[in-house]
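Peer 1: Residue numbers (this note's numbering): 6 to 142.
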Amino acid sequence: MLLGGCASSGDSWVELAGTRYKVELAQNDADRAKGLMFRDAMDQDRGMLFIHDRQEPMAYWMKNTKIALDILYFDEQRRLVSQQRDVPPCSAGDACPPYPSRQPARYVLELNAGQAAKLGLKDGATLRFSPDIPTPE
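1) By a C-beta neighbour count over all protein chains shown, 10 Å radius and 16 as the cutoff for buried, is lysine 68 buried or exposed?
2) List the endpoints of the continuous beta strand (DSSP E) containing arginine 59.
3) Is it buried or exposed for aspartate 58, if we count other Cβ within 10 angstroms and need 16 for buried?
4) In the DSSP assignment, what are the bridge partners of glutamate 81?
5) Pick helix, strand or coil for alanine 38, following the three-state DSSP scheme.
6) Would you mind sorting aspartate 144 into buried or exposed? The rule is 16 or more other CB atoms within 10 Å of its CB.
7) For proline 139 and leucine 126, I'd like the C-alpha separation in whole angstroms.
8) Arginine 83: which of Lys71, Gln108, Glu29 and Leu74 sits nearest, CA to CA?
9) Evaluate aspartate 128 with the Cβ neighbour count: other Cβ atoms within 10 Å of its Cβ, from every protein chain shown; 16 or more gives buried, anything less gives exposed.
10) Taking the alpha helix (DSSP H) that leucine 126 belongs to, which residues open and close that run?
11) Would you call the CB atoms of alanine 31 and methionine 53 closer than 9 Å?
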């Protein structure tokens with residue numbers, strides 16, 4: 006599965022390692038495919054949360070993405086199972102490389118590059134959701 010990562014926004018947030026980020030939600034195929042494409046910048050306290058229908062191996066890419074990102078993969082229990090840090094922008098279209106998860110994932114959080122290092126993230130870290138974020142059955 007290759008995905009880029011507009012999506013619903015509002016007051017949704019996630020909390021990771023004691024830091025809260027306002028997030029846009031990508032809950033359907035169209036929003037997940039578009040993701041953060043064509044954005045010139047993103048505030049440091051913001052991100053995008055991709056919610057998938059099931060837990061499975063994932064690979065995201067940076068097609069048409071103009072900002073470097075940390076791509077963080079979480080399982081059904083919202084535990085961090087894989088990290089792709091400091092992923093560079095890509096303007097090579099379909100030639101952009103994939104960045105896979107090492108373990109199956111259900112949620113993917115994209116943050117500005119450098120956030121994972123700043124938080125000192127280690128696999129197993131837990132992601133908290135605001136009450137308005139749906140948790141699929």
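Glycine residues also receive a C-beta, built at the ideal position from the N, C-alpha and C atoms.
Peer 2: Working from what's here:
1) By 1-based counting over the sequence shown, the position of residue 68 is 63. Under this definition lysine 68 is a buried residue.
2) On the sequence shown, position 54 is the one that residue 59 refers to. Its beta strand (DSSP E) spans residues 51-61.
3) As a working mapping, residue 58 is identified with position 53 in the sequence shown. In this structure aspartate 58 is exposed. Its beta-carbon is surrounded by fewer than 16 other beta-carbon atoms within 10 angstroms.
4) Against the sequence shown, residue 81 aligns to sequence position 76. The partner list for glutamate 81 (beta bridge, DSSP) is empty, contrary to what the question assumes.
5) Reading the sequence shown from its first residue, position 33 is the one you call residue 38. Three-state DSSP puts alanine 38 in a helix.
6) Outside the shown range of the chain (6 to 142) lies residue 144, about which nothing can therefore be said.
7) Position 134 of the sequence shown, counted from the first residue, corresponds to residue 139. Position 121 of the sequence shown, counted from the first residue, corresponds to residue 126. Distance between the alpha carbons of proline 139 and leucine 126: 24 Å.
8) On the sequence shown, residue 83 is found 78 positions in, with the first residue counted as 1. The candidate whose alpha carbon is nearest that of arginine 83 is Gln108.
9) The residue labelled residue 128 in the question sits at position 123 within the sequence shown. It is exposed - the Cβ of aspartate 128 has fewer than 16 other Cβ atoms within 10 Å.
10) Taking the first residue of the sequence shown as 1, we reach residue 126 at position 121. Leucine 126 -> no alpha helix (DSSP H), and no H or E assigned at all.
11) Counting from 1 along the sequence shown, the entry for residue 31 is found at position 26. Counting from 1 along the sequence shown, the entry for residue 53 is found at position 48. Yes, Cβ-Cβ distance for alanine 31 and methionine 53 is below 9 Å.
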